[in-house]
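*Asks:* The structure under discussion is supplied below as structure tokens; questions concerning it will follow.
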């Protein structure tokens, strides 16, 4: 997905911020729908973590109903929502044991689905000012994280995860993909 979105994929945080700053702002309603995600490796301490877990993307139903962490269900035709409060509890462990990022965690995440799953939205969508521009921002309900978006195209955005305690943002992309339904 990255090579489809960038002439040259950013390889550092500084390069990703240049792309972000030059990209257009996003209105919250532009984000409504389901989006497939991918990490942009920049040397960030979290690089590889979401990919290792099998993360699929995000779903924005409306400004009050956002599912920030979607994973593929066992049927392969639907998605389930991971409770971010539980996801960020595991973040401390991966910081202490960075080798976990190099392993597939999709199996353990999938097998713990009954415990990790949520049916309730766990984020909201607002416009905030970030790096001097007003743009759509996903605000997590239970963790000190904001995902800020800028438009790459009519069906893709560049996202920066701004998390309290991290010196630099974690970088990812989202591309609109409404092909899978939410698991019931």
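Numbering (our numbering), first residue to last: 1487 to 1670. Note that beta-carbon positions come from the ideal geometry of N, C-alpha and C, so glycine has one too.
(1) Say whether the segment 1504 to 1520 touches the segment 1533 to 1551, bearing in mind that this needs 3 or more beta-carbon pairs closer than 8 Å, one atom from each stretch.
(2) Per the contact definition of three or more C-beta pairs closer than 8 Å, is the segment 1564 to 1575 in contact with the segment 1504 to 1511?
(3) Where does residue 1498 sit, in a helix, a strand or coil, going by DSSP?
(4) Between the C-alpha atoms of residue 1630 and residue 1522, what's the straight-line distance to the nearest angstrom?
(5) Pull up the distance between the alpha-carbon of residue 1667 and that of residue 1496, whole angstroms please.
(6) Quick one: measure Cβ to Cβ for residue 1498 and residue 1528, integer angstroms, because I've assumed they're closer than 8 Å.
(7) Let me check understanding here. Comparing Cα to Cα, which of 1503, 1662, 1639 lies closest to residue 1656?
(8) Would the beta-carbon of residue 1633 fall within 9 Å of that of residue 1623?
(9) Would residue 1554 be called buried (16 or more neighbouring beta carbons within 10 Å of its own) or exposed?
(10) Look at residue 1635 and residue 1526 and say whether their C-beta atoms are less than 9 Å apart.
(11) With residue 1538 and residue 1556 assumed to form a contact (beta carbons below 8 Å), what rounded beta-carbon distance in angstroms separates them?
(12) From this set, 1648, 1610, 1606, 1641, which residue's C-alpha is nearest residue 1616's C-alpha?
(13) Could you spell out the range, first to last residue, of the beta strand (DSSP E) harbouring residue 1555?
*Replies:* Here's the rundown:
(1) Below 8 Å, enough C-beta pairs join the segment 1504 to 1520 and the segment 1533 to 1551 to call them touching: three or more.
(2) Contact fails: fewer than three Cβ-Cβ distances are below 8 Å.
(3) In this structure, DSSP gives residue 1498 a state outside helix and strand, which the three-state scheme calls coil.
(4) Pairing residue 1630 with residue 1522, the inter-Cα distance amounts to about 23 Å.
(5) Rounded to whole angstroms, the separation of the alpha carbons of residue 1496 and residue 1667 is 31 Å.
(6) Yes, residue 1498 and residue 1528 are in contact; Cβ-Cβ is about 5 Å, under 8 Å.
(7) Among 1503, 1662, 1639, the Cα nearest to that of residue 1656 belongs to 1503.
(8) The criterion of a C-beta distance shorter than 9 Å is satisfied by residue 1633 and residue 1623.
(9) With a threshold of 16 other beta carbon atoms within 10 Å, residue 1554 meets it and is buried.
(10) Their beta carbons are not under 9 Å apart, which means residue 1635 does not touch residue 1526 by this criterion.
(11) Under the criterion of beta carbons closer than 8 Å, residue 1538 and residue 1556 do not qualify as touching, at roughly 16 Å.
(12) Nearest option by C-alpha distance: 1648.
(13) Counting along the chain, the beta strand (DSSP E) containing residue 1555 begins and ends at 1551 to 1558.
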